[in-house]
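**Q** Numbering-wise, numbering that gives the first Met the number 0 puts 134 at position 135 of the sequence shown, and it's gapless, one number per residue.
Note that the Cβ used here is the ideal one computed from N, Cα and C, for glycine as well.
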Amino acid sequence: MAAIVFIAWLITLIVYLKYRKRSKKKIHKLLGRIAVKNHQTVKAMMVNEEKFRKLIGHMNEGLLLTDAGHKIVFANRCACSMLKVSHDKMIGRRLSDFAVGASETARLEEILNRKRSGCNAKEELQLLRGDDEIIWASLSFSYPRDMKEIIDGAIIVMVDISQHIMLERKMHKLTGCMVQKVKQLDCTFDMQQMIGQSGITADEIFQNALKIIPEGLRYGNDMRVEIVYQDKRYASPGYHETQWMYKAPIRTRNKLKGHVAVCFLGNRSSRNIQPFRIGEKVLIKNLADKLGNAPAIERLTKTPEAQL
């Protein structure tokens, strides 16, 4: 009986050891497959990470990542190039360090604090580069709520719009010049039409000219006109001489008969640009010439001084 029990125990042991050996082989094979898959996964992740870094590095827009304290933790190649600062010196700095002036710094900090709620924003600000040059940058701020485990600050995309701003200002300046040219042409046309009216007297011409001349000037509302012809004087209400005055002669048949004086009465510092541009001086001179050649004025005889 004992022999039978021993034989049964021995058989059981042999079967167990054989099954265990097979199980270990299966486990080893399974672990090997898992290791190969893990290696492939890690390799694929490294390849994707390298592709991602190249993609970020070759963006035409600057990309910045900040932490909760608004300090830069990542900057791509374009951002460093745009601000003329190396990557090592960029990390750890605040974007507000590149703002121009205290007001711009405070504004940028206010934007970063205000947009922490998760809303996106887009602002145009002036930034001071590492070479002390100032650029205009369009900044897009984003605080993605579903990426808190990756980044707890802001994602900032920067675009240099300095050239766009310059072109916009040039366009605005050219548009203003065109509008001013149209005003000058209208003024000249109105003067010519008024002078050519049938039956108009010299007094009426001078009185109308006091109103027409300021209409062709940039600061027409702040301009006052004086016209002197022979011994007669005409002046806009409130006219008085100031340091900003331009005077053009009135000539009839090549003889000096008087002048047109235009004074600026607005509140401007003497350090500012003079209110009379070259084109406006030419306009005043041309209008004075038209007055001197008007038929009604050529027939004007000397009369006592008159003043409006």
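In chain order, what residues of the same chain lie with their CB nearer than 7 angstroms to the CB of residue 248, ignoring the 5 residues before and after it?
**A** 255, 258, 287
**Q** Near residue 193, which residues of its chain fall below 6 angstroms by C-beta distance, leaving aside the five closest residues on each side in sequence?
**A** 207
**Q** Please report how far the alpha carbon of residue 220 lies from the alpha carbon of residue 122, in whole angstroms.
**A** 36 angstroms
**Q** Is residue 245 close to the ligand NAP? I mean its beta-carbon at under 7 angstroms from any heavy atom of the ligand.
**A** This structure simply doesn't include the ligand NAP, nor any ligand for that matter.
**Q** Distance, Cα to Cα, residue 125 vs residue 185?
**A** 40 angstroms
**Q** Consult DSSP for residue 230 and reduce its assignment to one of helix, strand or coil.
**A** In the structure shown, residue 230 adopts coil according to DSSP, grouped into three states.
**Q** List the DSSP bridge partners of residue 240.
**A** Residue 240 is not bridged to any residue.
**Q** State the start and end residues of the unbroken alpha helix (DSSP H) segment that holds residue 281.
**A** 277-292
**Q** Under a three-way DSSP split, which group does residue 95 fall into?
**A** Of the three classes helix, strand and coil, the one that applies to residue 95 here is helix, per DSSP.
**Q** With a cut-off of 8 angstroms, do at least 3 Cβ pairs link the stretch 275-283 to the stretch 238-247?
**A** yes
**Q** Take residue 227 as the anchor and find which of 251, 129, 218, 264 has the nearest alpha-carbon.
**A** The shortest Cα separation from residue 227 among 251, 129, 218, 264 belongs to 251.
**Q** Where DSSP assigns a beta bridge to residue 245, which residues make up the other side?
**A** 261, per the DSSP bridge assignment.
**Q** Rounded to the nearest angstrom, what separates residue 305 and residue 203 at their Cα positions?
**A** With a pLDDT of 38 at residue 305, under the threshold of 50, the predicted position of this residue should be treated as unreliable, and no value is reported.
**Q** Let's test the definition: count the other Cβ atoms within 10 Å of the Cβ of residue 200 and tell me whether it reaches 16, buried, or not, exposed.
**A** Its Cβ having fewer than 16 others within 10 Å, residue 200 is exposed.
**Q** For residue 160, which three-state DSSP category applies?
**A** Per DSSP, reduced to three states, the secondary structure at residue 160 is coil, with no helix or strand assignment.
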